[in-house]
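Right, one structure below, let's go through it.
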Amino acid sequence: MLTAQASPPQSTEDPPDTPLRPRRRSWAQALRRDWQLYSLAVLPLLFFLIFRYLPMLGNVIAFRRYEPGGDLLGEYWVGLRYFRMFLADPTFWQVFTNTAVIGTLTLLFCFPLPIILALLLNEVRTRWLKGFVQTVSYLPHFLSIVVVAGLILQTVSIDGVINQGLRAFGQDPVAFIQEPGWFRTLYVSSEVWQTVGWGTILYLAALTTIDSDLYDQARVDGANRWRQTWHVTLPGIRPTMITLLILNIGTFLAVGFEKILLLYNPLTYVTADVVSTYLYRVGIVSGSFSYAAAIGLFESLIGLALVLGANSLSRRVAGTSLW
Amino acid sequence: MVGVTRGYRVFQLVNGFVLTLVVLVTLFPFVNIVARSFSGEQEIRSGQVSIWPKGFNLTTYERVMSDAMFWTNYRNTVFYTVVATAIALVLTTCYAYVLSKRNLKGRGLLVGIAVFTMFFNGGLIPNYVLVSSLGLRNTLWAIVLPNAISVFNLLVMKAFFESLPVELEEAAAVDGTGTYGTLLRIVLPLSKAVLATMLLFYAVSFWNSWFAGFLYMDRQELFPVTVYLRNLIAGATSGTDNTATSEAALQIAASIQAVTIVLIMLPIMLVYPFIQRYFVSGVMLGAVKG
Chain A
1 MLTAQASPPQ STEDPPDTPL RPRRRSWAQA LRRDWQLYSL AVLPLLFFLI
51 FRYLPMLGNV IAFRRYEPGG DLLGEYWVGL RYFRMFLADP TFWQVFTNTA
101 VIGTLTLLFC FPLPIILALL LNEVRTRWLK GFVQTVSYLP HFLSIVVVAG
151 LILQTVSIDG VINQGLRAFG QDPVAFIQEP GWFRTLYVSS EVWQTVGWGT
201 ILYLAALTTI DSDLYDQARV DGANRWRQTW HVTLPGIRPT MITLLILNIG
251 TFLAVGFEKI LLLYNPLTYV TADVVSTYLY RVGIVSGSFS YAAAIGLFES
301 LIGLALVLGA NSLSRRVAGT SLW
Chain B
1 MVGVTRGYRV FQLVNGFVLT LVVLVTLFPF VNIVARSFSG EQEIRSGQVS
51 IWPKGFNLTT YERVMSDAMF WTNYRNTVFY TVVATAIALV LTTCYAYVLS
101 KRNLKGRGLL VGIAVFTMFF NGGLIPNYVL VSSLGLRNTL WAIVLPNAIS
151 VFNLLVMKAF FESLPVELEE AAAVDGTGTY GTLLRIVLPL SKAVLATMLL
201 FYAVSFWNSW FAGFLYMDRQ ELFPVTVYLR NLIAGATSGT DNTATSEAAL
251 QIAASIQAVT IVLIMLPIML VYPFIQRYFV SGVMLGAVKG
């Protein structure tokens, strides 16, 4: 609206049908009344400002020439030079493909398996048994990623148990960690091992909220166990499924940077190197900060677009969304 | 229940089998690593160790535990975890309490500032440049400050504070207690459960973290023990004496790695059975708003 008005800014949040709520205070009044509350927010806000929003601004070095130790925001503008550079970089496209492949595989396994495990757990009638399985399956979630990497390396090493098994069947031992062909399998299966149990928590909670009358009615209608699961249980946990799917899609390209960094080696770069590990090597190890920042910004923007896209898609298709 | 069909009984059997398999597969790597940690190097090298130690001995434990650097780094981890958790807990509590005040002007903005960072972040390079140019390298603050508030934990706490009865605080306000007094004397004593949960969330995540230490610390005596382990599995250090020949270093690597892994897991494994349910309740609390 272009017409100049002297009226105070209109609040957009207040629904007009709640006249009993106190009128919106001006900032001056609010500050005078709640200054103690606001003062509690000062340090956290400083944290967000410095350690979350300043780095977002810091991305301008993707458009500027940055010299380590020089001006924090770079020396001079170079426009889209670094973006053109990585779009023309064959290694970038290779790591981008790897990211998409590993991300897709992870989504394909790490999203449905917790649902299946939750459904199976839900059928266990013995309380202590159910609790025991849950407790055990959550355990890997509590470990440091370094410990997990150590466990993986020990398990698949030449003298590890998997090769013991192979030898028992008369096969030659495989140096899994040096074979590009095995990296994705290792990555995804260890990801499943680590996350599947923990992933069941929200589904199990959702399962307990399903109205048991629905099951009775389904049984009256002649539905067997399987049909009950299909027509009552699954629709019952659908909102949870969609929420977690959106979150999973949003982080789909942010594949486990730390784990890959710990597990890969130059021999497996072909299949293991992902965008984030590549930009780590380009930026931190080789010192091309501006170039790496351009790659990182590109990655973050894709991530943001994925969350927003998945959210609006699910709002339109399924009627549920995160916001 | 009436009418348990044969098909369902078969399903229960299969289900029991599948879940047993899940338990075994989950536990196997732990059992294996413990077995390796107590085994002789020769037996590990020749691929004999699976779930039971072969050539039982404690020499590797002695060797790792007599490594001064291991203990220095272990102490660092304890120290970093304590300081970082304390600071994170205070900041998160303050902000969550502010966010839980429904009538506060600007609340939506304050929530938005936090939540937006869940979906978009500056990325590795700008963070690295920032932390470096703030002069935080090789200090504890490089680990503490950039991770001082986890937005997920913040939302869990906010949900908890919102669930407290408003009347209590109003009564306190009528009695003339200020905001600080209400928070300290009324709200926090009622929030012991969520405080414990947050304490565990933060403590476990700081205990487990390695990347900040790896990225921002160049001096070995400042590393957290997770970086010690990462250098061990990356082959960057041999664990004990650097004078040994590379062949010998390779020879001792497997059992030393196993012992180090066990020693780093140990504290978590010991408290795990007691803290597990707090984690579950915390996750549920965070999900309530979803």
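Going down the list, the sequences are from chains A and B. Position one of the first sequence corresponds to residue 1 (UniProt numbering), numbered consecutively onward. Position one of the second sequence corresponds to residue 1 (UniProt numbering), numbered consecutively onward. The C-beta atom is built at its ideal place from N, Cα and C for all residues, glycine as well.
Flag residue i as yes when its Cβ comes closer than 7 angstroms to any non-hydrogen atom of the ligand COA, and as no otherwise.
{"i": "T117/B", "result": "For the ligand COA, the structure offers nothing, since it holds no ligand at all."}
Could you spell out where the alpha helix (DSSP H) holding residue i opens and where it closes?
{"i": "L164/A", "result": "In the sequence on display, residue 164/A carries Gln and not Leu. Unbroken alpha helix (DSSP H) run through Q164/A: 161-168."}
{"i": "L263/A", "result": "257-263"}
{"i": "S150/B", "result": "Looking at the DSSP string, S150/B is not in any alpha helix (DSSP H), and its letter there is neither H nor E."}
{"i": "N311/A", "result": "289-317"}
{"i": "Y80/B", "result": "68-99"}
{"i": "G132/B", "result": "It is Ser, not Gly, that sits at residue 132/B in the sequence shown. Run containing S132/B: 124-133, per the alpha helix (DSSP H) assignment."}
{"i": "V49/B", "result": "First-last for V49/B: undefined, no H or E at that position."}
{"i": "S190/A", "result": "180-208"}
{"i": "W226/A", "result": "225-228"}
{"i": "residue 310/B", "result": "Outside the shown range of chain B, which is 1 to 290, sits residue 310/B, and nothing can be said about it."}
{"i": "I143/B", "result": "141-144"}
{"i": "I33/B", "result": "6-37"}
{"i": "S137/A", "result": "127-138"}
{"i": "T243/A", "result": "238-250"}
{"i": "P114/A", "result": "112-122"}
{"i": "V115/B", "result": "107-119"}
Since residue i contacts residue j with CB under 8 angstroms, what's their CB separation in whole angstroms?
{"i": "R64/A", "j": "G74/A", "result": "3 angstroms"}
{"i": "L119/A", "j": "T229/A", "result": "7 angstroms"}
{"i": "L19/B", "j": "V133/A", "result": "5 angstroms"}
{"i": "A196/B", "j": "A148/B", "result": "Not a contact, Cβ separation roughly 19 angstroms."}
{"i": "I115/A", "j": "M241/A", "result": "7 angstroms"}
{"i": "G16/B", "j": "S300/A", "result": "Not quite, the Cβ-Cβ distance comes to about 45 angstroms (not below 8 angstroms), so this is no contact."}
{"i": "S190/A", "j": "I152/A", "result": "5 angstroms"}
{"i": "A205/A", "j": "G236/A", "result": "Going by Cβ atoms, the distance from A205/A to G236/A rounds to 12 angstroms, so no, they are not a contact pair."}
{"i": "L91/B", "j": "F47/A", "result": "6 angstroms"}
{"i": "T210/A", "j": "V232/A", "result": "It is worth fixing the name first, because residue 210/A is Ile in this sequence and not Thr. The Cβ separation is near 7 angstroms, so the contact holds."}
{"i": "Q217/A", "j": "T179/B", "result": "Not really, about 51 angstroms apart at Cβ, beyond 8 angstroms."}
{"i": "G103/A", "j": "V255/A", "result": "5 angstroms"}
{"i": "V262/B", "j": "S37/B", "result": "5 angstroms"}
{"i": "Q194/A", "j": "V148/A", "result": "6 angstroms"}
{"i": "I264/B", "j": "V225/B", "result": "6 angstroms"}
{"i": "G150/A", "j": "L21/B", "result": "About 24 angstroms separates the two Cβ atoms, so there is no contact after all."}
{"i": "V187/B", "j": "Y97/B", "result": "7 angstroms"}
{"i": "G47/B", "j": "Q164/A", "result": "5 angstroms"}
{"i": "N311/A", "j": "F111/A", "result": "The Cβ separation is near 16 angstroms, so there is no contact."}
{"i": "Y202/B", "j": "L154/B", "result": "With 8 angstroms as the limit, Y202/B and L154/B do not qualify as a contact, their Cβ atoms being about 11 angstroms apart."}
{"i": "L200/B", "j": "I275/B", "result": "5 angstroms"}
**Study point:** Contact between the stretch 105-115 of chain B and the stretch 164-171 of chain B (3+ Cβ pairs under 8 angstroms)
**Key:** Contact fails: fewer than three Cβ-Cβ distances are below 8 angstroms.
Point to revise | Residues within the stretch 164-186 of chain B neighbouring chain A, beta-carbon criterion of under 7 angstroms | key: Result list: G178, T179, Y180.
**Study point:** Interface residues of the stretch 96-129 of chain B facing chain A [CB-CB below 8 angstroms]
**Key:** Those would be Y97, V98, K101, N103, L104, K105, G106, G108, L110, I113, A114, T117, F119, F120, N121, G122, G123, L124, I125, P126, N127, Y128, V129, in chain order.
Review point. Is it true that the stretch 119-136 of chain B meets the stretch 47-67 of chain A, where meeting means three or more beta-carbon pairs spaced less than 8 angstroms apart?
Key: Yes, the stretch 119-136 of chain B is in contact with the stretch 47-67 of chain A.
Practice item. Can you give me, in chain order, the residues of the stretch 150-164 of chain A that have a beta carbon less than 9 angstroms from any beta carbon in chain B? Key: Within the stretch 150-164 of chain A, those residues whose Cβ lies closer than 9 angstroms to any Cβ of chain B are, in chain order, G150, L151, I152, L153, Q154, T155, S157, I158, D159, G160, V161, N163, Q164.
Check your understanding: Just by C-beta distance, which residues in the stretch 207-223 of chain B are closer than 8 angstroms to chain A?
Key -> Answer in chain order: W207, N208, S209, W210, F211, L215.
Practice item. May I ask you to list, following chain order, the residues of the stretch 280-291 of chain A that have a beta carbon less than 8 angstroms from some beta carbon of chain B? Key: For the stretch 280-291 of chain A, which is checked against every Cβ of chain B, the residues closer than 8 angstroms are Y280, G283, I284, F289.
Point to revise | the stretch 48-57 of chain B touching the stretch 204-221 of chain B, judged by at least three CB pairs closer than 8 angstroms | key: With a cut-off of 8 angstroms, the stretch 204-221 of chain B and the stretch 48-57 of chain B do not count as touching, because too few Cβ pairs lie within range.
Practice item. Could you please tell me which residues of the stretch 49-60 of chain A, in chain order, have their CB closer than 7 angstroms to any CB of chain B? Key: Those residues of the stretch 49-60 of chain A that come within reach of chain B (Cβ to Cβ, closer than 7 angstroms) are F51, R52, L54, P55, M56, G58, N59.
**Study point:** Touching by the beta-carbon criterion (3+ pairs, under 8 angstroms), the stretch 94-106 of chain A and the stretch 266-281 of chain A
**Key:** A contact is defined here as three or more CB-CB pairs under 8 angstroms, and the stretch 94-106 of chain A meets this definition with respect to the stretch 266-281 of chain A.
Exercise for review: Please name the residues in the stretch 65-84 of chain A whose beta-carbon is closer than 7 angstroms to at least one beta-carbon of chain B, in chain order.
Suggested key: Within the stretch 65-84 of chain A, the qualifying residues are L72.
Exercise for review: Pair every Cβ in the stretch 134-143 of chain A with every Cβ in the stretch 24-39 of chain B, then say whether three or more of these pairs are closer than 8 angstroms.
Suggested key: Touching, yes, given that three or more Cβ pairs across the two stretches are closer than 8 angstroms.
Exercise for review: Please list the segments of the alpha helix (DSSP H) lying wholly inside the stretch 161-224 of chain B, counting only runs of 4 or more residues, in order along the chain.
Suggested key: The stretch 161-224 of chain B contains these whole alpha helix (DSSP H) runs: 166-174, 192-208, 211-216.
Practice item. Could you name each continuous alpha helix (DSSP H) segment of 4 residues or more that falls completely within the stretch 22-98 of chain A, going from the start of the chain to the end? Key: Unbroken alpha helix (DSSP H) stretches of 4 residues or longer found wholly inside the stretch 22-98 of chain A: 27-48, 54-58, 81-87, given in chain order.
Point to revise | chain B contacts made by the stretch 210-239 of chain A, where a contact means CB separation under 8 angstroms | key: Here the close residues are N224, R225.
Check your understanding: With a cut-off of 8 angstroms, do at least 3 Cβ pairs link the stretch 83-92 of chain A to the stretch 167-186 of chain A?
Key -> In short, these stretches do not touch, since the Cβ pair count stays below three.
**Study point:** Proximal residues, the stretch 24-35 of chain A versus chain B, C-beta separation under 7 angstroms
**Key:** Cβ contacts with chain B come from R25, W27, A30, D34.
Exercise for review: May I ask you to list, following chain order, the residues of the stretch 132-144 of chain A that have a beta carbon less than 8 angstroms from some beta carbon of chain B?
Suggested key: Residues of the stretch 132-144 of chain A with a C-beta less than 8 angstroms from any C-beta of chain B: F132, V133, T135, V136, S137, Y138, L139, P140, F142, L143, S144, listed in chain order.
Review point. Relative to chain A, which residues along the stretch 75-90 of chain B have a C-beta separation below 9 angstroms, given in chain order?
Key: Correct list: V90.
**Study point:** Members of the stretch 300-322 of chain A near chain B, C-beta cut-off 9 angstroms
**Key:** Within the stretch 300-322 of chain A, the residues whose Cβ lies closer than 9 angstroms to some Cβ of chain B are S300, L301, G303, L304, V307, L308, L322, listed in chain order.
Check your understanding: Which of the residues in the stretch 46-59 of chain B, read from start to end, lie with their CB under 9 angstroms from any CB of chain A?
Key -> Within the stretch 46-59 of chain B, the residues whose Cβ lies closer than 9 angstroms to some Cβ of chain A are S46, G47, Q48, V49, S50, I51, listed in chain order.
Check your understanding: What are the residues of the stretch 126-158 of chain B that lie near chain A, defined by any Cβ-Cβ distance shorter than 7 angstroms?
Key -> Of all residues in the stretch 126-158 of chain B, P126, N127, Y128, V129, L130, S133, L145, P146, A148, I149 have a Cβ within less than 7 angstroms of some Cβ in chain A.
**Study point:** Proximal residues, the stretch 189-201 of chain A versus chain B, C-beta separation under 9 angstroms
**Key:** Residues passing the 9 angstroms Cβ filter: W193, V196, G197, W198, I201.
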